[in-house]
Every structure is written in C-alpha cells, then in structure tokens.
Amino acid sequence: MGDVVGHDLQAAAAMAQIRNMLRALLYDQRTPPSTVLAHLDQALEAITDQHVTTACLARIEPAQQGTWTLRWSTAGHPPPLLLTPDHQARYLHADPDLPLGVDVTQPRNDHTHTMPAGATVIFYTDGLIEHPKHPVETGLERLAALVTEHAALPLHDFVDALADHHPSNGHDDMAILALHTPRT
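Residue numbers (the working numbering): 7 to 190.
Following this line, the structure appears as structure tokens:
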C-alpha cells in the first residue's frame, strides 16, 4: 500500500511509476520487505524526481499449524489494522521508517506479527482516516470501531462499508486492502 504526496495528475502518474518499479523488484527478489523498500528508495533517488511517498509493504506467510506470520516494513505509512476472528480490532503499531524519497541512507526495519487463521489485516491510506478538524488518533479510533461494527460482512462488502462510512472528510484519495487468512 502506498501514497505519493500530492493530489493531482502528476502525483497519480508518480504512483503508477513507483508501483511498476515495486512490482519489478518484488518479482526479481525474494528478500524481506525492508530490503525491497530500501532498493525501491534507491531506485527512486536514481531515476525519478524524488516524489515523497509513504508505503507499507507486507507479506503473509504460513507459520505453525493454524497460524500465519505477517511481515511488513513501513515507510511513514499508517499502521496495519488487525481484525481477529472474534471481531477484535487492534493496530499493529511499529516505529515507522522515513517515507521513501527522504533519505536513502537511513535503515529500514522489518516487523512481524502472528495472525490466527480467520484473521483479517487491513492496509489503507491516510485519506481514509484524516480529517482537518480532528487529530489523526480520532480517525484511527473511528476506523477501528467501523472495522468491528462491520466485521461479520463478507470481505468485499466489508471493504465497501469501510469506504462508504470512512471517518475522513473525503478530500484525499483513499485506498483499502483487506487480506483474510484462510481458516484451517
């Protein structure tokens, strides 16, 4: 999940370019998310106009019987939101690294969290939660409440409900990705 700073056609074009570079890096490398983001940051510095971008790159891997491991690295992006099978929502807070396009010399870190079967992890852009009249924490609290309120919906309807009832003012672009771990 990523978000380029800006709200115009130039920002959209930059995001498309960054997404394509990321796809190429993911195809070619089987490395931790932090390493991929570091390589992406270096590529952006070398061949673009340095668009500042937040990103959260994650991978869900099978772990012990009935569990999954979420591995992620974040470049200034909002934290993933975990919805447990018993409909409890909690943010997976981790110290975010700098956004892409700021300083390629700074290290990038990986984070891990065990997810039970039947859990859902939600990635989103700040456009889903930010409102100029409220602190970001208020938007995060409202999103967590929406997630628990609509937790029983099928995944597609769940994402639609989050988009339809978002806590932001709707003036920024929004993206939502929800991944559900299979039940065993």
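Positions of the beta carbon are idealized from the N, C-alpha and C atoms, including for glycine.
With respect to the beta strand (DSSP E) encompassing Glu67, which residues constitute its N-terminal and C-terminal limits? 59–68
What do you reckon, are the CB atoms on Asp178 and Leu106 nearer than 8 angstroms? no
Opposing strand residues paired with Trp20 [DSSP bridges]: In the sequence as displayed, the identity of residue 20 is Ala instead of Trp. Answer by DSSP bridge pairing: none, since Ala20 is not bridged.
Tell me whether the beta-carbon of Val10 lies closer than 8 angstroms to the beta-carbon of His57. yes
Cutting at 7 angstroms between CB atoms, please list the residues of its own chain near Leu4, excluding the five before and the five after it. The question about residue 4 has no answer, for the chain in this structure spans 7 to 190.
Does the distance from the CB of Leu146 to the CB of His171 come in under 8 angstroms? no
Length of the line joining the Cα atoms of Ala95 and Ala22: 31 angstroms
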